[in-house]
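**Student:** Here this note's numbering is used: the first residue of the sequence shown is 291, the next is one more, and so on.
Using N, Cα and C, we set each Cβ at its ideal position, and we do this for glycine too.
Just so we're clear, the structure is a prediction, and the values are computed from it rather than from any experiment.
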Amino acid sequence: MTDQQAAAEPIAPQPSSMYRWVVLVVISLAMFANYYVYDSIAPIADILKSDLGFSDANIGSLYSVYSIAAVIVLLLGGVMIDRFGTAKSTIFFAAICTFAGILNAVSSDLTVMLVSRFLLGLGSEPLIVAITTALAKWFKGKELSFAFGINLTIARLGSVSADWSPTWAKFAYGGWQGPLVVAAVIGLMVLVSALLYGVLEKVAARRFGLGEAGETDKLVLSDLFRFSRSFWFVVLLCVTFYSAIFPFRSFAIKFFIESWELTREAAGQYNSVLPLAAMIATPLFGLLVDKVGKRALFMAFGAFLLMPVYLMMAYHVAPLWVPIIMMGVAFSLIPAVMWPSVAYIVEERRLGTAYAVMTLIQQVGVAGMNWTIGRSNDVFGASVANPMGYAPGMWIFSILGFLALFFAIMLRREETGPNAHGLETITAGGSKE
């Protein structure tokens, strides 16, 4: 009788697969608009230099202050997300992102632009934390790597759209301000999508008994001493990889115009190959890794592809599409494997700290490298009259690529030894044992 009574107790229904994928698309659209605003500087880097007198170091600083703001947010921790919940916090930080996009378009003053980019960093990184947490809540134990891949695909469409804006928004490129106005309008979608996600989560909590979000990505300093060597190798791979990718993209369109003599439209299209390739390949790599494992090996292969591409571009040793495609594969493969891998290395209750540490160190590296590359370009006179002035910066990127390969090899070595966490063996439906 007791068993019958227990069986008769109502069980809260789970959200349907369709509902989960709608949630994924909605929150990913916020990332799409967020990525567009972030990448809106690169297509006008040379215009900022010619129209407003900005140096390459100034342009690099527009990216560096974003990363500095991200570090500050991570050091403060996920207090607001913990207190007010994922939905409310997402809306709040989305509003900051939208305001930052508007502020960036209204003034030619460098200080105002730096403030707007700083605000963008303050809003964007907690927003990404909340979205990452939501993905883990809705998809853990299901198609997690694939969901991460789809999320990155939609987000990177924002980068592709920004890179292609000299083509589809050519009407706006009469000066520095038009493209930033377009970015501000698109930035409104960050807030709209966050509001829609808030509605979806509220409905799910009422209809499906969906629990609160799991641990958010806040930094717990005492946990730093408990992470394994595998985790730290992933962190070091993360910072070297992203420090080689994102600062390159900051100056890539300017570099393609001045070193490869491309039009602004063609330069933007070449730069878009990286996120465009990632849009297609990242979820496919996620599915592949879910099925076959070998995560450290895949990351090593991606780092190997990245290592030579910068020197190939600097010295024109091959057609531009060759190193760009190699970089696109690496940019698709490594993130598709790296971020979900942390969930296998770190126990669930410390995942928030783990992701916060990764993101913090990544942003420190990206902030320093954006300024370093800009300064290098200034010191060596990189310009259309002196395209080889870009070569020292390309050597710096190549060294980072080599270090990324080294850390991936060390991770592979750790994960094939007695302290392995299953990165090479766990497949979809498998276990750590």
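1. According to the neighbour-count rule (16 or more other Cβ atoms, all chains shown, within 10 Å of its Cβ), is K544 buried or exposed?
2. Going residue by residue through the segment 473-557, where are the continuous alpha helix (DSSP H) segments of at least 4 residues, counting only ones entirely within it?
3. Which value, in whole angstroms, describes the spacing of the CA atoms of G411 and A445?
4. Which whole-angstrom value is the C-beta distance of S357 and Q653, which I expect to be below 8 Å?
5. For W282, which three-state DSSP category applies?
6. Pick helix, strand or coil for G448, following the three-state DSSP scheme.
7. What is the DSSP secondary structure of T706, counted as helix, strand or coil?
8. Quick one: grab the DSSP three-state call for V636.
9. Below 6 Å CB to CB, which residues in the same chain sit around N660 once its five sequence neighbours on both sides are set aside?
10. Might you give, ordered along the chain, the residues of its own chain that have their beta carbon closer than 8 Å to the beta carbon of L587, omitting 5 neighbours on each side?
11. Using alpha carbons as the reference points, say which of V607, S379, L526 lies closest to M589.
12. Going straight from the alpha carbon of T380 to that of S483, what length do you get?
13. Counting C-beta neighbours from all protein chains within 10 Å, is the total for D329 16 or more, i.e. buried, or is it exposed?
14. Is I614 helix, strand or coil when you go by DSSP?
15. Could you check the C-alpha separation between L366 and A347 for me, to the nearest Å?
16. Can you name the start and end residues of the alpha helix (DSSP H) that A604 belongs to?
17. Going by Cα to Cα distance, which pick from G618, S518, V599 is closest to I689?
18. For a test of the three-state rule: what should DSSP assign to N676, helix, strand or coil?
19. Count Cβ pairs between the segment 559-570 and the segment 450-466 that sit closer than 8 Å; are there 3 or more?
**Tutor:** Let's see:
1. A residue is called buried when at least 16 other Cβ atoms come within 10 angstroms of its Cβ; K544 meets this threshold and is buried.
2. Fully enclosed alpha helix (DSSP H) runs of 4 or longer: 519-549.
3. Rounded to the nearest angstrom, the two C-alpha atoms are 16 Å apart.
4. 4 Å
5. With the chain covering only 291 through 723, there is no way to say anything about residue 282.
6. Secondary structure at G448: helix, using DSSP grouped into helix, strand and coil.
7. coil
8. coil
9. G350, Y353, S354, P537, S540
10. R702, E714
11. L526
12. 10 Å
13. buried
14. I614: helix per DSSP, three-state reduction.
15. 28 Å
16. 599-604
17. V599
18. coil
19. yes
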